[in-house]
Amino acid sequence: MSLVLELANYVGITAFGISGSMKGIRKGMDLLGVLTLGFSTALGGGIIADVLLGIMPPTNLVYLPNALVALLASLFTFIFYKVFTNVNKPLIYADAIGLGAFASSGASLAYSVDPSPLLVIMIGTITAVGGGVIRDILSNEVPLILTREFYATSVIIGSGIYFVLRYEGMSNYYDIFISFVI
Amino acid sequence: MSLVLELANYVGITAFGISGSMKGIRKGMDLLGVLTLGFSTALGGGIIADVLLGIMPPTNLVYLPNALVALLASLFTFIFYKVFTNVNKPLIYADAIGLGAFASSGASLAYSVDPSPLLVIMIGTITAVGGGVIRDILSNEVPLILTREFYATSVIIGSGIYFVLRYEGMSNYYDIFISFVI
Amino acid sequence: MSLVLELANYVGITAFGISGSMKGIRKGMDLLGVLTLGFSTALGGGIIADVLLGIMPPTNLVYLPNALVALLASLFTFIFYKVFTNVNKPLIYADAIGLGAFASSGASLAYSVDPSPLLVIMIGTITAVGGGVIRDILSNEVPLILTREFYATSVIIGSGIYFVLRYEGMSNYYDIFISFVI
Numbered sequence: 035m036s037l038v039l040e041l042a043n044y045v046g047i048t049a050f051g052i053s054g055s056m057k058g059i060r061k062g063m064d065l066l067g068v069l070t071l072g073f074s075t076a077l078g079g080g081i082i083a084d085v086l087l088g089i090m091p092p093t094n095l096v097y098l099p100n101a102l103v104a105l106l107a108s109l110f111t112f113i114f115y116k117v118f119t120n121v122n123k124p125l126i127y128a129d130a131i132g133l134g135a136f137a138s139s140g141a142s143l144a145y146s147v148d149p150s151p152l153l154v155i156m157i158g159t160i161t162a163v164g165g166g167v168i169r170d171i172l173s174n175e176v177p178l179i180l181t182r183e184f185y186a187t188s189v190i191i192g193s194g195i196y197f198v199l200r201y202e203g204m205s206n207y208y209d210i211f212i213s214f215v216i
Numbered sequence: 035m036s037l038v039l040e041l042a043n044y045v046g047i048t049a050f051g052i053s054g055s056m057k058g059i060r061k062g063m064d065l066l067g068v069l070t071l072g073f074s075t076a077l078g079g080g081i082i083a084d085v086l087l088g089i090m091p092p093t094n095l096v097y098l099p100n101a102l103v104a105l106l107a108s109l110f111t112f113i114f115y116k117v118f119t120n121v122n123k124p125l126i127y128a129d130a131i132g133l134g135a136f137a138s139s140g141a142s143l144a145y146s147v148d149p150s151p152l153l154v155i156m157i158g159t160i161t162a163v164g165g166g167v168i169r170d171i172l173s174n175e176v177p178l179i180l181t182r183e184f185y186a187t188s189v190i191i192g193s194g195i196y197f198v199l200r201y202e203g204m205s206n207y208y209d210i211f212i213s214f215v216i
Numbered sequence: 035m036s037l038v039l040e041l042a043n044y045v046g047i048t049a050f051g052i053s054g055s056m057k058g059i060r061k062g063m064d065l066l067g068v069l070t071l072g073f074s075t076a077l078g079g080g081i082i083a084d085v086l087l088g089i090m091p092p093t094n095l096v097y098l099p100n101a102l103v104a105l106l107a108s109l110f111t112f113i114f115y116k117v118f119t120n121v122n123k124p125l126i127y128a129d130a131i132g133l134g135a136f137a138s139s140g141a142s143l144a145y146s147v148d149p150s151p152l153l154v155i156m157i158g159t160i161t162a163v164g165g166g167v168i169r170d171i172l173s174n175e176v177p178l179i180l181t182r183e184f185y186a187t188s189v190i191i192g193s194g195i196y197f198v199l200r201y202e203g204m205s206n207y208y209d210i211f212i213s214f215v216i
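For the protein sequence lines, the chains are A, B and C, in the order given.
Numbered per the working numbering, the first sequence spans residues 35 to 216.
Numbered per the working numbering, the second sequence spans residues 35 to 216.
Numbered per the working numbering, the third sequence spans residues 35 to 216.
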């Protein structure tokens, strides 16, 4: 994994960890509920993608740094909740970066297993939106991706572009950059 | 896969794609939400069954025709929604055919992996009802199979009959026919 | 599997089968809905754990005794519902034993696949609480583990202690005993 992709991965985990634990706090959950929801949101998409690709046990359940970052992000959100509600705008950027980062890493992983365009797009999308879907299902709500169009659209297009670029042999850094812009 | 089974497979995908996207439309989702829900309903049961049987990546995420049929069925439903609401009766038949087709193909796949009666019945049932369960969970409702008895009963019995017939060495066409009748 | 662990396994399946089917009855489901919910609650955690560890098809879908115990527990609950509502206290003990038993067996299984502390704790926890999460999602409610703290805490600590004990080479019986006490 390149340095850029690895950094993006941690940004994504942090962003989704915050988003999951904020939802837990708003639903009136206590510390453990908030941590569980933050953890599931941050790592759930990657776990589902790994299972679908046959990578078992999933990286997120074995590789400690990912779990630690998810846990710390959730813990910090629980402690500094009032700060975060005042910084809504940066959070949306973090969410967008998280989606882009996860779509890239998911698409990249799928490509290494089987370079089928359908698989690359599907796994890229599932990695990116899976955590949010888990968060909303556990919170007993209709998943946001089903009701807010721009959200998933950008991820699907991003994964698709990833495949085309990869297929035409362009560099990895370049398409990650593009995924981010989108 | 025999021609009859393959045809039944596409009928099943179409029927569940329509059922999923109609639910999305009724919930007021926009195009992408409707397509995602139709897609998940049509292909979700098969994906879960493949994962449980250790077939990774799942066929529905690699084999393009299945995905295309699911997408087209959902798109057509979105465009011609008003027509479909007036043809409720044929839809129920399509749903029944879909359940029968998916139960048959799931049971058949499970049998080829491990001819245990429990597995054949369970995978046949999961393949058939899995998509509908995903549809209802994503729509934030109690799954229909838990509240409408005849629905799952027929699928479980169908998968059971499939196993008995297969075990006794009868022809494939015959038991698919029986699954349909039930 | 040791005799103690196997016995605990059946106690766990019975306890969760009862808890799942009681929820189904309270939600006004009919026989098949109740059986399905009891079955999913009793066997779901183990199935998810098996998939995450790469054990496919999952034991609970192949090994008949587990499925039979789950089905019988659910059937008995459906028939003798009024009796069970008057014995709420023993049920809470059964639930605690079930959590301890499933956390132990999940942690033990994970350890045999990969002795990573994170994996052992995560799989132990998922095996124990997975069935209850499935039960609550299918019932269209926020999972209990997210709102009642002591519940998951004890399971996580139990799985953690299991790992430490195992790592230090202590006997299996001893740590199962400890998991139960916690």
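All C-beta atoms in this analysis are idealised placements derived from N, C-alpha and C, irrespective of residue type, glycine included.
- Exposed is the label assigned to glycine 62 (chain B), since fewer than 16 other Cβ atoms lie within 10 Å of its Cβ.
- The three-state reading of DSSP puts tyrosine 145 (chain B) in helix, counting H, G and I together.
- Per the C-alpha coordinates, the member of B:Gly166, B:Ile131, B:Ala144, B:Ala76 positioned closest to asparagine 94 (chain B) is B:Ala76.
- Across the stretch 142-176 of chain B, CB contacts with chain A closer than 9 Å involve Ile171, Leu172, Ser173, Asn174, in sequence order along the chain.
- In the three-state reduction of the DSSP assignment, glutamate 175 (chain B) falls in the coil class, being assigned neither a helical nor a strand state.
- Cβ-Cβ separation between glycine 78 (chain A) and glycine 67 (chain A): approximately 15 Å, too far for a contact (criterion under 8 Å).
- Look at threonine 93 (chain C): its C-beta is not under 7 Å from any C-beta on chain B.
- When C-alpha distances from alanine 137 (chain A) are compared across A:Asp148, A:Val154, A:Val147, the shortest belongs to A:Val154.
- Contact between valine 103 (chain B) and isoleucine 52 (chain B) does not hold, since their C-beta atoms are separated by about 11 Å, which reaches or exceeds 8 Å.
- With a minimum length of 3 residues, there is no unbroken run of beta strand (DSSP E) contained wholly in the stretch 45-70 of chain A.
- Residue contact with chain A for leucine 98 (chain B): present (Cβ-Cβ distance below 7 Å to some residue of chain A).
- Membership of leucine 102 (chain B) in the alpha helix (DSSP H) is indicated by the continuous run 98-113.
- In the displayed model, methionine 90 (chain B) falls within coil according to three-state DSSP, outside both helix and strand.
- Comparing C-alpha distances from arginine 169 (chain C) to each of C:Glu40, C:Ser108, C:Met90 shows the shortest one belongs to C:Ser108.
- Chain C has no Cβ within less than 7 Å of the Cβ of glycine 72 (chain B).
- Residues of the stretch 41-61 of chain B whose Cβ lies closer than 9 Å to any Cβ of chain A, in chain order: Gly58, Lys61.
- Less than 7 Å divides the Cβ of leucine 152 (chain B) from the Cβ of leucine 98 (chain C).
- Here the C-alpha atom of leucine 143 (chain C) lies approximately 50 Å from the C-alpha atom of isoleucine 113 (chain B).
- When B:Thr111, B:Val38, B:Ala83 are compared, the shortest CA-CA separation from methionine 56 (chain B) is found for B:Thr111.
- Nearest C-alpha to alanine 49 (chain B) among B:Ile171, B:Glu40, B:Ile131: B:Ile131.
- The beta carbon of isoleucine 82 (chain B) sits closer than 7 Å to the beta carbons of Ile160, Gly164 from its chain, once the five residues preceding and following it are set aside; these are given in chain order.
- Residues of chain A whose Cβ lies closer than 7 Å to the Cβ of leucine 133 (chain C) do not exist; the shortest such Cβ separation is about 14 Å.
- The three-state reading of DSSP puts serine 150 (chain C) in coil, since its state is none of H, G, I, E or B.
- Assigned with DSSP and collapsed to three states, arginine 182 (chain B) falls in coil, not helix or strand.
- Leucine 86 (chain A) and valine 117 (chain B) have their C-alpha atoms some 37 Å from each other.
- The C-beta distance from alanine 135 (chain A) to asparagine 43 (chain A) rounds to 6 Å, short enough to fall under 8 Å.
- Note that the C-beta distance between methionine 90 (chain A) and glycine 88 (chain C) is below 7 Å.
- About 6 Å separates the Cβ atoms of isoleucine 171 (chain B) and isoleucine 171 (chain A), confirming a contact at the 8 Å cut-off.
- Neighbours of valine 85 (chain A) across chain C, judged by C-beta separation under 8 Å: Val85, Leu86.
- Leucine 180 (chain C) has a beta carbon lying within less than 7 Å of a beta carbon in chain A.
- A Cβ-Cβ distance of about 6 Å is found for the pair asparagine 174 (chain C) and glutamate 175 (chain B), placing them in contact under the 8 Å criterion.
- Taking all protein chains in view, the Cβ of proline 149 (chain A) is surrounded by fewer than 16 other Cβ atoms within 10 Å, so the residue is classified as exposed.
- Chain-ordered, the chain A residues with CB closer than 9 Å to the CB of alanine 101 (chain B) read Leu152, Met156.
- Closest by C-alpha distance to alanine 162 (chain C), out of C:Leu65, C:Asp64, C:Val45, is C:Val45.
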